[in-house]
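Q:
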Amino acid sequence: MTQFENNNFGDVLLNRHSVRHFDKDIKISREELREMIKETITAPSACNLQAWQFVVVDTDEGKKKLHEFYMPFNNPQIDTSSAIIQIFGNTLAFKKYRALWDHMYEEKRISKEELDKIYNTFLPLYEHADKTMLTADAMVDSSLAAMQLMLVARAHGYETNAMAGYDAKKAASVMGLDPEQYVPVMGIAIGKPDTSVEELKSVRYPVDDVLNFE
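So, in structure tokens, the structure goes:
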């Protein structure tokens, strides 16, 4: 089990904030980045479809690719962060679904009856779904993973910035993915903050402005 640098969940959750300027001298090893993604993919997933895909950009060459489709206001994060995790939703994740559940059955984690139920409910649902539903499901899964990644990064002692503001039509192809299969969700810049820059702390609306009880 990972030994997190910050085990204070209240601090990890409630003191998270967006950082736009990072310390360029800080490098995160690929081993640690891989570990963070491993921890990220324990996030909830609709029907366990796991419709997410991650592209880790931690080289100058990779960052040049990001500049091809990101808007200029994201340049500080791209240019100074230790890494950017570009998250895509996989609209064809269901094609691996049967193998996943077969494996669970072979490991005796589910019964034959449960396996048959999945084959007769979830699997046909996705096999016959239109692109709109598959995209929506992939966006939900990937967004849950994105939030988990930001908390995982804080637990590792880093800060993050969730980035949109890009040409969605270019993102997948520039990063070497099939744009018909993968939909861009967001980028997450990760690193240590540049302490010489004072970051703007956002203000939230009062909870009663966004809450209804029925």
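So for the sequence shown, our numbering puts the first residue at 57; every next one is plus one.
Note that CB positions come from ideal geometry on N, CA and C, so glycine has one too.
Look at the alpha carbon of residue 235 and the alpha carbon of residue 165, and state the distance between them as a whole number of angstroms.
A: Cα-Cα distance, rounded: 35 Å.
Q: Please check the pair residue 241 and residue 192, which I expect to be a contact at CB under 8 Å, by giving their CB distance rounded to whole angstroms.
A: At roughly 12 Å, the Cβ-Cβ gap does not stay under 8 Å, so residue 241 and residue 192 are not in contact.
Q: Any beta carbon of chain D sitting closer than 8 Å to that of residue 249?
A: Given the protein chain composition of this structure (a single chain), no chain D is represented.
Q: In the DSSP assignment, the beta strand (DSSP E) including residue 218 goes from what residue to what residue?
A: Where residue 218 is concerned, the enclosing beta strand (DSSP E) stretches over 215-219.
Q: Could you tell me which residues DSSP pairs with residue 75 in its beta bridges?
A: Residue 75 is not bridged to any residue.
Q: Quick one: any contact between the segment 174-181 and the segment 58-67, if contact means 3 or more CB pairs under 8 Å?
A: Too few Cβ pairs lie closer than 8 Å, so no.
Q: Between residue 255 and residue 73, what straight-line distance do the alpha-carbon atoms span, to the nearest angstrom?
A: Each residue's Cα considered, the two are about 9 Å apart.
Q: Grouping DSSP H, G and I as helix and E and B as strand, with all else coil, what is residue 262?
A: Coil.
Q: Just curious, the alpha helix (DSSP H) that residue 174 is in, first and last residue?
A: Run containing residue 174: 168-176, per the alpha helix (DSSP H) assignment.
Q: Threshold first: 3 residues or longer. Then list the beta strand (DSSP E) segments lying entirely within the segment 88-166, N to C.
A: Runs found: 108-113 and 139-146.
Q: Considering only DSSP beta bridges, list what residue 247 is partnered with.
A: 215, per the DSSP bridge assignment.
Q: Note down the Cα distance separating residue 273 from residue 267, rounded to an integer number of angstroms.
A: Any question about residue 273 goes unanswered here, given that the chain covers just 57 to 270.
Q: Can you tell me the Cα-Cα spacing of residue 68 and residue 119, whole angstroms?
A: Computed Cα separation, rounded: 27 Å.
Q: Please state whether the Cβ-Cβ distance between residue 249 and residue 113 is less than 8 Å.
A: Cβ atoms of residue 249 and residue 113: not closer than 8 Å.
Q: Quick one: give me the first and last residue of the alpha helix (DSSP H) that residue 81 is part of.
A: Here residue 81 belongs to no alpha helix (DSSP H), and DSSP marks it neither H nor E.
Q: Could you give the distance in angstroms between the alpha-carbon of residue 151 and the alpha-carbon of residue 86?
A: Roughly 29 Å separates the two Cα atoms.
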